[in-house]
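Going down the list, the sequences are from chains A and B.
So the number in the numbering used here is just where the residue sits in the first sequence, counting from 1, plus 11.
So the number in the numbering used here is just where the residue sits in the second sequence, counting from 1, plus 11.
Below you'll find the structure, written out as structure tokens, and then a few comments.
Protein chains: 2
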Amino acid sequence: MGRDTRERIMAAALTLFVERGPGATPITAVEEAAGLLPGNGSFYRHFANKAALLDAVVDRELARARKDPSAQVSHVDGTLAGQLLADLDFLNDLRSLIAILLWERGRAPELADRIQRLMVDRGVELGVADLLAETPCPTVREDVTAAAAVMMSAMIGYFLSREYFGAPPAGVTPERFTTTLAGLLTRQ
Amino acid sequence: MGRDTRERIMAAALTLFVERGPGATPITAVEEAAGLLPGNGSFYRHFANKAALLDAVVDRELARARKDPSAQVSHVDGTLAGQLLADLDFLNDLRSLIAILLWERGRAPELADRIQRLMVDRGVELGVADLLAETPCPTVREDVTAAAAVMMSAMIGYFLSREYFGAPPAGVTPERFTTTLAGLLTRQ
DNA sequence: GTCTATACCTTGATAGAC
DNA sequence: GTCTATCAAGGTATAGAC
């Protein structure tokens, strides 16, 4: 195994950081998962320390999430429900970053800011536009920003419930969920 | 400091476990916060090890959350919006448990189950009842379970955004949020 | 019940041979 | 660029004096 060791280290680290968290991932485990003998510090020929590795992994994921348009365009059929399904895909695309953020919360306020901007703020912003593109119901018209916040919160809550509380609320599928949410926002 | 050392240890541990997570909390830090000299193992006269301490802390919090009715009754004025505000209080009452669950995710599937039942399932169940008590809108009547899941997800998403992504979505206050959510569910 | 002292292990990190 | 060897630091846990 030759030149791409740095890449193998980052790939191995991403998996381990998402699953156990950076704090619970010894460098030796990263070395082993990257095909190096553990405990011999070959890692340090590629990164200064664990913090530098974490930075590199997060930066790369942020760059990927920002430019990869795959999630945003799938499923979109012009309806709000279709848009919401696509948004769930986008959240899924941020899975790794969200997982790492939740491990590092309190320790990495700057990472929280970056994800907040990428996910929540951007989501509410786009949500407002999406809502105004439809014929919104009276409640939405009364306070479009609050309606977009409700929409975004519901999406995030649904995603996180599936991800961290073991199951989607009441076993409701993504299709049922997005259909009902879109109905509430547009059929009043 | 005499007989209540066990209590002081548990109180100190709860704070530290919530803030840094059990894995990042050395026993020495718990001893220090409980008023013992750190590193001398006085802790072990009271608990077998850190896992036993974590179990005791979680069990006590679960018991408290289940029986403490304080959160559930405040704010309730007969409207759905009022009920939702009270539900936000209940989520706030689960803050510590949620924080610990997020630190221990993957390691404590049984804890995830217990919180899932206490929070999500119970929330959807009560939510269905709340929705049927009102005159629900057509979208809600079409799929009450999905509507309750949307309601619950929105609440959880709003709470977690405030707690872990730094701010509520778009800076929307609890009052605006619950008013809009209730309006969407009942005014169609 | 708390303290002193200590043994052991895991992890982070470096020096230097190959 | 990887391996051998090695250390220092931090954390868990125990024995035994007080």
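Here a beta-carbon is modelled for each residue, glycine too, at the ideal position from N, C-alpha and C.
In this text, all values refer to a predicted model and were calculated from it rather than measured experimentally.
Going by the beta-carbon positions, is the gap between Pro-120(A) and Leu-196(A) smaller than 8 Å? no
In chain A, which residues lie with their C-beta within 9 Å of the C-beta of Glu-115(B)? Correct list: empty, because the minimum Cβ distance to chain A is about 10 Å.
To which residues of the same chain is Thr-26(A) closer than 8 Å at the C-beta, ignoring the five residues directly before and after it? Ala-44
Would you call Thr-184(B) buried or exposed, if buried means 16 or more other Cβ atoms sit within 10 Å of its Cβ? exposed
Expressed to the nearest angstrom, what Euclidean distance is found between the alpha-carbon atoms of Ala-76(A) and Asp-100(A)? 12 Å
Between Ala-59(B) and Ser-164(A), how many whole angstroms is the CB-CB distance? I'm expecting something under 8 Å. Contact flag wrong, Cβ pair sits at about 41 Å.
Report the three-state DSSP secondary structure of Thr-189(A) (helix, strand or coil). helix
How many Å lie between Ala-24(A) and Ile-167(A) at the Cα? 26 Å
Just to confirm, are Val-155(B) and Leu-143(B) a CB contact at a threshold of 8 Å? yes
So the candidates are Pro-179(A), Gln-94(A) and Gly-50(A); which of them puts its Cα closest to the Cα of Gly-138(A)? Gln-94(A)
For Thr-156(A), go through chain B and note every residue whose CB falls closer than 7 Å to its CB, in chain order. Ala-181 and Val-183
Distance check for Arg-19(B) and Val-41(B), CA to CA, integer angstroms please. 9 Å
In whole angstroms, what separates the C-alpha of Leu-50(B) from that of Trp-114(A)? Sequence inspection shows Gly at residue 50(B); the Leu mentioned does not correspond to that position. Going from the Cα of Gly-50(B) to the Cα of Trp-114(A) covers about 27 Å.
Tell me whether Glu-30(A) sits in a helix, a strand or coil according to DSSP, three-state version. helix
Looking at the unbroken alpha helix (DSSP H) that takes in Met-163(B), where does it start and where does it end? 155–175
Determine the DSSP secondary structure at Arg-152(A), reduced to helix, strand or coil. helix
Mark Leu-48(B) as exposed unless 16 or more other C-beta atoms lie within 10 angstroms of its C-beta, in which case mark it buried. exposed
Using a C-beta to C-beta distance shorter than 9 Å, which residues of chain A count as neighbours of Pro-37(B)? Those within 9 Å of Pro-37(B) in chain A number zero; the least Cβ separation is about 12 Å.
Contained alpha helix (DSSP H) runs [length at least 4] in the region 56–81 of chain B, N- to C-terminal order: 61–78
Interface residues of chain A around Leu-11(B) at Cβ under 8 Å? Outside the displayed span of chain B (12 to 199) sits residue 11(B), for which this structure offers no information.
Once DSSP output is grouped into helix, strand and coil, what is the label at Leu-137(B)? helix
Does Ile-111(A) come within less than 8 Å of chain B when only Cβ atoms are used? no
Please go through the same chain and pick out, in chain order, the residues whose beta-carbon is closer than 6 Å to the beta-carbon of Glu-186(B), but skip the five residues on each side of it. none
To be precise: take each residue of the region 116–131 of chain B, compare its Cβ to all Cβ atoms of chain A, and keep it if any distance is under 8 Å. Which residues remain? Arg-116, Gly-117, Pro-120, Ala-123, Asp-124, Ile-126, Gln-127, Met-130 and Val-131
Do we get a CB-CB distance below 8 Å when we pair Arg-56(B) with the residues of chain A? no
Would you say Gly-194(A) faces chain B, with C-beta separation under 8 Å as the test? yes
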